[in-house]
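Heads up: the sequence shown runs through residues 553 to 673, numbered per the numbering used here.
Ideal placement from N, C-alpha and C gives every residue a C-beta, glycine not left out.
What follows is a short report on a single structure.
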Amino acid sequence: MNNESPNKLAWRKFRKNPFSLAGLIYILLMFAIAVLGYLVIPDSTPYANQQHLELTTKPPGFSVKVLRVRINREKEKEGLFRKMIFGNTPEYRSIPFEEVNITRQAIMLEEYTGEYNNDVP
């Protein structure tokens, strides 16, 4: 007579099936990604909303120069749980640009608009 509990018997049967074990690993991996949320995605701004509309229609491999300007505000103290749910507030504002002219009095930046040669009709 077998004295093993039904749970042990079910687990042993489950482990012998490689597809069920692979499925369990996949489900656990997806669960971990869902729980970690903003800690594992590249854009950790709130709602993953740091985007530039003029760059959205460009093909893969497209490159443009980007100026990062620090946002002048006091950094908030954010806990791990808050970062996981809402993301990080960005420290920089990104500005894609076409050309920059530096003089003694000013820095002139021509923003990238997505138009050919930035010519406005």
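DSSP places Val587 inside the alpha helix (DSSP H), whose first and last residues are Pro570 to Leu588. Here Glu606 really is in contact with Pro648; their C-beta atoms are around 7 angstroms apart, less than 8 angstroms. For Leu632, the enclosing alpha helix (DSSP H) stretches over residues Leu632 to Phe638.
In this model, Phe614 and Phe638 are separated by some 30 angstroms (Cα to Cα). Secondary structure of Lys627 (DSSP, three-state): coil. Annotated three-state conformation of Glu663 is strand, per DSSP. With a beta-carbon spacing of about 12 angstroms, Arg625 and Tyr644 fall beyond the 8 angstroms limit used to define contacts.
Per DSSP, the continuous beta strand (DSSP E) segment holding Tyr644 begins and ends at Tyr644 to Ile654. Annotation for Lys610: no beta strand (DSSP E) segment contains it, and DSSP assigns it neither H nor E.
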